[in-house]
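Peer 1: Mapping to full-length UniProt numbering: the sequence shown position 38 is 38, numbers consecutive. Sharing a structure below in structure tokens format, with a few things to ask.
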Amino acid sequence: MDLSIIVPTFNEGPNVDELLRRIGAQLAGHDFEVIFVDDSTDDTPAIIVAAAAAADFPVRLLHREVATAGLGGAVVEGFHLAASRWCLVMDGDLQHPPEDIPRLLERAAAGDADVVVASRYISGGDSKGLANSTRTGVSRVSTLLTKSMFPRKLHGCSDPMTGFFLVDREAVDIDALRPRGFKILLEILARRQLRIAEVPFAFAARFAGASKASFRQGIRFLTQLTLLRFGRMSAFALVGGAGAIANLIIMWGLIRLGLDYVVAAIIASELTIIGNFLLLEYLVFADMRAESGRMRTRFLTSFAFNNAEAVIRIPVLWVLVESAHIPSVLAAGLTLVAAFVVRFVFHALVVYAP
Ligand code: GDD
Ligand code: MN
């Protein structure tokens, strides 16, 4: 087989027939398959099954009951299922025109690239299909930000956020991928230095349905960037830092309301502990959750640990304030920094242990 086309779908029923028709028209004479990795909550799987029966090329469907890691996770599952070494990833809503597939294949045939990226941002391409200027602006800024964070690995890639690319599966360390959300190409390129080639393409308007992009996807993207660039510990530090700031602000507010600083520190710490756990759960350790038991157990372990730590921290705080005469908020800041390292080790090795 020459080519496996991987299409992640989430409620794309009305696009399926048109997509397969146009792919088929472009690839007549090729030995290829289309793999839908579907997380739909509607009748899309049934539509795919019917379309597969009618198609004159292999159309496969993996419907996931648990949509692990969203779009990116779906693409990784597609890599595992693919019969061909070369995999084309494209959206199911026809924003990636099947008419561009032959040019991607031609470019790959030159033999000097591990991945051929369909780019909106080289001459001949355009991003008009992004529909509004906010999204265009966000896309441009995040592309620049991303490229400046991976200057070497993304050298020669003008559009690391595109969802349309052709890749040699054997050049990718698939098991090292930790996809979360939409930016699967970035995940692939940031992990290992690949030889990148590009062809321009015009990002089209959606054929039917609505985009699944959201503010939440944006947050996931920022998390992904942090994790890729600085590793888990930095993401943890970022969450911890945000928590420490929240802790201090709450404490300051409570003191202003007339509470004693010790009481204020206790309340601020409890609130921060709960908030921190949620951020760890859904951002920092999101990829380890599935293998580390029940959320309730993790919460209780984390909560108990952080409280034990806080219980130790408060007397230390008291000593720093009363004996060393350090201002209370500064003293609290110092104890939080010291606690950080211990907390990271405990969470990585105990709370999220497989
Ligand atoms: N399996 C699966 N699971 N598929 C999903 C999920 C999910 O959770 N979320 C979205 N998809 C599918 C959609 O059904 C569609 O086929 C494709 O992924 C892209 O989703 P859209 O909702 O159409 O996203 P978009 O058009 O806003 O974003 C596209 O363009 C961006 C560039 O601006 C995507 O290609 C992004 O990857 C790309 O960065
Ligand atoms: Mn789309």
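Note that beta-carbon positions come from the ideal geometry of N, C-alpha and C, so glycine has one too. Predicted, not measured: the structure shown is a model, and the values here were computed from it.
Give the straight-line distance between the Cα atoms of Ala109 and Val34, rounded to the nearest whole angstrom.
Peer 2: Within the sequence shown, numbered from 1, the residue matching residue 109 stands at position 109. Within the sequence shown, numbered from 1, the residue matching residue 34 stands at position 34. Using only the alpha carbons, I get a separation of about 20 Å.
Peer 1: Name the two residues that bound the continuous alpha helix (DSSP H) containing Val316.
Peer 2: As a working mapping, residue 316 is identified with position 316 in the sequence shown. Val316 -> alpha helix (DSSP H) spans 295-322.
Peer 1: Figure out for me which residue from Leu349, Phe340, Val345 has the closest Cα to the Cα of Ser292.
Peer 2: Residue 292 sits at position 292 when you count from the first residue of the sequence shown. Among Leu349, Phe340, Val345, the Cα nearest to that of Ser292 is on Leu349.
Peer 1: Are the Cβ atoms of Glu285 and Phe299 separated by less than 9 Å?
Peer 2: Reading the sequence shown from its first residue, position 285 is the one you call residue 285. Reading the sequence shown from its first residue, position 299 is the one you call residue 299. Checking the sequence, you will find Phe at residue 285 rather than Glu. Not a contact, by the Cβ cut-off of 9 Å.
Peer 1: Between the alpha carbons of Leu20 and Leu166, how many angstroms are there, rounded?
Peer 2: Residue numbering aside, residue 20 sits at position 20 when the sequence shown is read from its first letter. Residue numbering aside, residue 166 sits at position 166 when the sequence shown is read from its first letter. So the alpha carbons of these two residues sit roughly 18 Å apart.
Peer 1: Would you mind stating whether Phe305 and Val351 have Cβ atoms separated by less than 9 Å?
Peer 2: On the sequence shown, residue 305 is found 305 positions in, with the first residue counted as 1. On the sequence shown, residue 351 is found 351 positions in, with the first residue counted as 1. Contact flag set, yes.
Peer 1: How would you write the range of the alpha helix (DSSP H) that Val17 sits in, first residue to last?
Peer 2: The residue given as residue 17 occupies position 17 in the sequence shown. The sequence shown places Asp at residue 17, not Val. Asp17 -> alpha helix (DSSP H) spans 16-26.
Peer 1: Below 8 Å, is the gap between the Cβ of Asn247 and the nearest heavy atom of the ligand GDD?
Peer 2: Residue 247 sits at position 247 when you count from the first residue of the sequence shown. Outside the cutoff, so no.
Peer 1: Assign Val76 to one of two classes, buried (16 or more other C-beta atoms within 10 Å of its C-beta) or exposed (fewer than that).
Peer 2: The count along the sequence shown starts at 1 and reaches residue 76 at position 76. Buried: at least 16 other Cβ atoms inside 10 Å.
Peer 1: Measuring alpha carbon to alpha carbon, tell me which residue in Phe10, Glu187, Gly218, Glu198 is nearest Gly231.
Peer 2: Indexing the sequence shown from 1 puts residue 231 at position 231. Of the candidates Phe10, Glu187, Gly218, Glu198, the one whose C-alpha sits nearest the C-alpha of Gly231 is Glu187.
Peer 1: Mapping DSSP to helix, strand and coil, what is Phe182?
Peer 2: Indexing the sequence shown from 1 puts residue 182 at position 182. In this structure, Phe182 counts as coil in the three-state DSSP scheme.
Peer 1: Output the boundary residues of the beta strand (DSSP E) element that contains Arg60.
Peer 2: For the purposes of this step, residue 60 is identified with residue 60 of the sequence shown, where counting begins at 1. Run containing Arg60: 59-63, per the beta strand (DSSP E) assignment.
Peer 1: Report the rounded CA-to-CA distance for Pro327 versus Arg180, giving the unit in angstroms.
Peer 2: Along the sequence shown, one-based indexing puts residue 327 at 327. Along the sequence shown, one-based indexing puts residue 180 at 180. Taking the straight line from one Cα to the other gives about 42 Å.
Peer 1: Do you know offhand how far Thr223's Cα is from Ser123's?
Peer 2: Along the sequence shown, one-based indexing puts residue 223 at 223. Along the sequence shown, one-based indexing puts residue 123 at 123. Each residue's Cα considered, the two are about 31 Å apart.
Peer 1: Please find out if some non-hydrogen atom of the ligand MN comes closer than 8 Å to the beta-carbon of Asp93.
Peer 2: For the purposes of this step, residue 93 is taken as the residue at position 93 of the sequence shown. Yes, the ligand MN has a heavy atom inside 8 Å of this Cβ.
Peer 1: When DSSP labels each residue in this structure, what does Val116 get in the three-state scheme?
Peer 2: Counted from its first residue, the sequence shown places residue 116 at position 116. Here Val116 sits in strand by DSSP.
Peer 1: Quick one: is Met1 buried, meaning 16 or more other Cβ sit within 10 Å of its Cβ, or exposed?
Peer 2: For the purposes of this step, residue 1 is identified with residue 1 of the sequence shown, where counting begins at 1. Exposed.
Peer 1: Tell me the rounded alpha-carbon separation between Lys147 and Phe221.
Peer 2: Counting from one through the sequence shown, the residue named residue 147 turns up at place 147. Counting from one through the sequence shown, the residue named residue 221 turns up at place 221. So the two alpha carbons sit approximately 14 Å from each other.
Peer 1: Using 10 angstroms around the beta-carbon of Pro354, count the other beta-carbons present and answer buried if the total reaches 16, otherwise exposed.
Peer 2: Translated into the one-based positions of the sequence shown, residue 354 becomes position 354. Burial call: exposed.
Peer 1: Please report the Cβ distance between Asn15 and Asp42, rounded to the nearest whole angstrom; I am assuming they are in contact, meaning their Cβ atoms lie under 8 Å.
Peer 2: Residue mapping note: residue 15 aligns to position 15 of the sequence shown, counting from 1. Residue mapping note: residue 42 aligns to position 42 of the sequence shown, counting from 1. Actually they do not touch by this definition, with Cβ atoms about 12 Å apart.
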